[in-house]
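Enquirer:
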Amino acid sequence: MEAGDAVARLVRDEGTRVLATLIRVTGDVGLAEDAVQDAVVRALETWPRDGVPDNPRGWLLVTAKRRAVDLFRREAARSGKEAAAMPFVEPEPADAVPDDLLRLVFTCCHPALSLEAQVALALRTLGGLSTAEVARALLVPEATMAKRLTRARQKITRARIPYRVPEAAELPDRLKGVAATVYLIFNEGYAAAAGADLVRAELVDEAIRLARLLAGLMPDEPTALGLLALLLLQNSRRAARVDADGVPVLLPDQDRSRWDVAAIKEGVSYLGRGLRRAAAPEEYLVQAAIAACHALAPTYAETNWDALISWYDVLLEVADSPVARLNRAAAVAERDGPAAGLSLVDAIPGLTRYPWWHATRAELLHRLGDTEAARAAYRRALALGMSAPLMAHLRLRLAELE
Amino acid sequence: MPTYAALLYTADVDWSAPEHAETTEQYMEFGEAAAAVIRGGKALYPTSTATTVRVSGGKGGDVLTSDGPYAETKEALSGFYLFECADLDEAVRLAARLPAAWDGVVEIRPVIEF
């Protein structure tokens, strides 16, 4: 069983790289996907029986190319065109492949595609998820997702969205969209981690893999370094975020011995590299710095609140948002007491429909001894609704106050 | 090499009027600079000169003409180009050099080659 899983994983990983190459060769995302899918199915049928070939990627590439030629000839015959037009080139040396993947990242995240289509395409082609899985991950009906993917693939082919890494001058702009897409993929998985849904854990791993790829190929880009640092640091807490019964455990109560020390170290080192290269504060780096303040604290009480609040001040300079203000206010409450925190929380406009605003108020009111107001705030948070495990957590807090 | 139509949407102006000479000059400069990839293109008179035609009930039906453009929008179709270039990025770079993109919008559409 484990050997079979290993083969399946190998096929999937190599399949993504082969897909990247085949898209470059054919210039047609749909055709390449069909051909690689076919090669992957054949590999899953034959490798467990006959053994993994010496060069699995080469095997998949040759099989997928043959299939692509078949599909292309069939299509050409149907439309009465010459089949000779297919611009096939010889297999590239192995070191060309990471660039193919990076090209694929930038093709999926081209600004000429809608952000929704970018995320969907990235999940489908880079994450190797099926259309049904992508639909589920993005909470869209499968038929809608199928249409969205078809439209995106057609636009890439018909409008000739180039399959290339943008030139240096374009990179900062393009990287922003790519980073946002990877971060969205991560959040899709991470926000759902409470449900221990396997597909979503896979999204987290895929996002980290993509972030690694970006940081590896743009080792001096603060955005790429910050993104990777942020994902590693957030994900280092994964094992401690849910208890044995599947109930979410909030940061103050997490068992820090379950945090992934290696991931924290790695995240902090990318954060350091990014900060040394950043000419101006960069959003992902700042968020990673905030995550690092938590990750490096031996206990919640020993968190360096001064540093944390300073990083929040920087974050508000580069990316002001009500949620960032709320998190800053929570940190101020830890340093300066609940009254100071509450006055900041109350001053944030536009969060009355955000359950965590009410939950934060409830906690601070409770600490100030105003049980009546705390209960009312918890009820308001519950009335707005959130994921079932978090609702359970809030109900528990409310019950403690009754 | 694919061909792209660049559709220019701007304030509804009369390019033939003398007060637009300066902008027209900018288009001339663009035309010279991008001559190698321009396959066609024209400026259009304002929408006040537009006539919209449709045949009621399909082929062979009554020809209905009405005064004005098909769609009344703040920015009107005021001209078009045909570019032949390698890919969408190149077409976008060209479009960004059009005065229409500075105070209006340019829609780029790939042209079908039959």
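Protein sequences appear in the order of chains A and B. The first sequence maps to residues 31 to 432 in the numbering used here. The second sequence maps to residues 8 to 121 in the numbering used here. Idealized CB from N, CA, C, for every residue including glycine.
Out of 397/A, 327/A, 306/A and 157/A, point me to the one whose CA is closest to residue 368/A's CA.
Expert: When only C-alpha atoms are compared, the closest one is 397/A.
Enquirer: In whole angstroms, give me the CA-to-CA distance for residue 135/A and residue 196/A.
Expert: Between residue 135/A and residue 196/A, the C-alpha separation is close to 11 Å.
Enquirer: Taking C-alpha atoms, which residue in 254/A, 170/A, 277/A and 373/A lies nearest to residue 204/A?
Expert: Among 254/A, 170/A, 277/A and 373/A, the Cα nearest to that of residue 204/A belongs to 254/A.
Enquirer: In whole angstroms, what is the alpha-carbon distance linking residue 224/A and residue 333/A?
Expert: A caution first: residue 224/A carries a pLDDT of 43, below 50, which makes its placement in the model too unreliable to give a value.
Enquirer: Kindly list, in the order they appear in chain B, the residues whose Cβ is closer than 9 Å to that of residue 191/A.
Expert: Neighbours of residue 191/A on chain B, chain order: 94, 95 and 96.
Enquirer: Name the DSSP bridge partner or partners of residue 272/A?
Expert: Beta-bridge pairing links residue 272/A to 278/A.
Enquirer: Just to confirm the assignment, what range does the alpha helix (DSSP H) spanning residue 214/A have?
Expert: Residue 214/A -> alpha helix (DSSP H) spans 201-220.
Enquirer: In chain B, which residues lie with their C-beta within 7 Å of the C-beta of residue 94/A?
Expert: Near residue 94/A there are no residues of chain B at all, since even the closest Cβ is about 24 Å away, more than 7 Å.
Enquirer: At 3 residues or longer, what runs of the beta strand (DSSP E) sit wholly inside the segment 32-66 of chain B?
Expert: The qualifying runs are 45-50 and 58-63.
Enquirer: Give the straight-line distance between the Cα atoms of residue 356/A and residue 387/A, rounded to the nearest whole angstrom.
Expert: Using only the alpha carbons, I get a separation of about 7 Å.
Enquirer: Which residue marks the beginning of the alpha helix (DSSP H) containing residue 419/A, and which one marks its end?
Expert: Where residue 419/A is concerned, the enclosing alpha helix (DSSP H) stretches over 418-431.
Enquirer: At a Cβ threshold of 8 Å, is residue 204/A touching chain B?
Expert: For residue 204/A, the answer is no, since every Cβ of chain B falls outside 8 Å of its Cβ.
Enquirer: Please work out which residues of its chain come closer than 6 Å, Cβ to Cβ, to residue 9/B, disregarding the five sequence neighbours upstream and downstream, and give them in chain order.
Expert: Cβ within range, chain order: 117.
Enquirer: Which term fits residue 44/A, buried or exposed, when burial requires 16 or more other beta carbons within 10 angstroms of its beta carbon?
Expert: By the neighbour-count rule (16 or more Cβ atoms within 10 Å), residue 44/A is buried.
Enquirer: Taking residue 413/A as part of the alpha helix (DSSP H), name the residues at either end of that continuous run.
Expert: From DSSP, the alpha helix (DSSP H) with residue 413/A extends over 401-414.
Enquirer: Got a sec? Which residues, its chain only, sit under 7 Å from residue 308/A by beta carbon, not counting five neighbours each side?
Expert: Hits under 7 Å: 252 and 315.
Enquirer: My output table needs one value for residue 86/B: the three-state DSSP class, helix, strand or coil.
Expert: In this structure, residue 86/B counts as strand in the three-state DSSP scheme.
Enquirer: Do you know offhand how far residue 87/A's Cα is from residue 58/A's?
Expert: The alpha-carbon atoms of residue 87/A and residue 58/A are separated by roughly 20 Å.
Enquirer: The segment 165-198 of chain A: which residues have C-beta closer than 7 Å to a C-beta of chain B, in chain order?
Expert: Those residues of the segment 165-198 of chain A that come within reach of chain B (Cβ to Cβ, closer than 7 Å) are 188, 189, 190, 191 and 192.
Enquirer: Considering Cα atoms alone, identify which of 220/A, 354/A, 310/A and 305/A is closest to residue 278/A.
Expert: Considering only alpha carbons, the answer is 220/A.
Enquirer: Does residue 23/B pass the burial test, meaning 16 or more other C-beta atoms within 10 Å, or should it be called exposed?
Expert: Classification of residue 23/B: exposed, given that the 10 Å Cβ count is below 16.
Enquirer: DSSP beta-bridge partners for residue 115/B?
Expert: Partner(s): 13/B.
Enquirer: Could you confirm whether any beta carbon from chain A is found closer than 8 Å to the beta carbon of residue 117/B?
Expert: With 8 Å as the cut-off, residue 117/B counts as an interface residue toward chain A.
Enquirer: Listed from N- to C-terminal order along the chain, which residues in the segment 139-167 of chain A have their beta-carbon within a distance smaller than 9 Å of any beta-carbon of chain B?
Expert: Answer in chain order: 140, 141 and 142.
Enquirer: Alpha carbon to alpha carbon, how far is residue 384/A from residue 115/B? Give it in angstroms, no decimals.
Expert: Each residue's Cα considered, the two are about 40 Å apart.
Enquirer: How long is the line joining the alpha carbons of residue 51/A and residue 302/A, rounded to whole angstroms?
Expert: If you take the alpha carbons of residue 51/A and residue 302/A, they lie about 34 Å apart.
Enquirer: Going straight from the alpha carbon of residue 412/A to that of residue 421/A, what length do you get?
Expert: Spanning the two alpha carbons is a distance of roughly 6 Å.
Enquirer: At the level of alpha carbons, what is the spacing between residue 432/A and residue 145/A?
Expert: Rounded to whole angstroms, residue 432/A to residue 145/A spans 45 Å at the Cα level.
Enquirer: Could you tell me which of 54/B, 44/B and 121/B sits nearest to residue 20/B, measuring between CA atoms?
Expert: Of the candidates 54/B, 44/B and 121/B, the one whose C-alpha sits nearest the C-alpha of residue 20/B is 54/B.
Enquirer: Would residue 375/A be called buried (16 or more neighbouring beta carbons within 10 Å of its own) or exposed?
Expert: Buried, because 16 or more other Cβ atoms sit within 10 Å of the Cβ of residue 375/A.
Enquirer: What residue range is occupied by the uninterrupted beta strand (DSSP E) comprising residue 101/B?
Expert: Where residue 101/B is concerned, there is no enclosing beta strand (DSSP E), although the alpha helix (DSSP H) it sits in stretches over 95-103.
Enquirer: Going by DSSP, which residues form a beta bridge with residue 296/A?
Expert: Per DSSP, none; premise fails for residue 296/A.
Enquirer: Going along chain A, which residues have a C-beta under 7 Å from residue 9/B?
Expert: In chain order: 190.
Enquirer: Does the beta-carbon of residue 123/A have 16 or more other beta-carbons within 10 angstroms, so that it is buried, or is it exposed?
Expert: Residue placement at residue 123/A cannot be trusted, given a pLDDT of 49 that sits under 50; the coordinates are not used to answer.
Enquirer: To the nearest angstrom, how far is the alpha carbon of residue 430/A from that of residue 319/A?
Expert: The straight-line gap from Cα to Cα measures roughly 34 Å.
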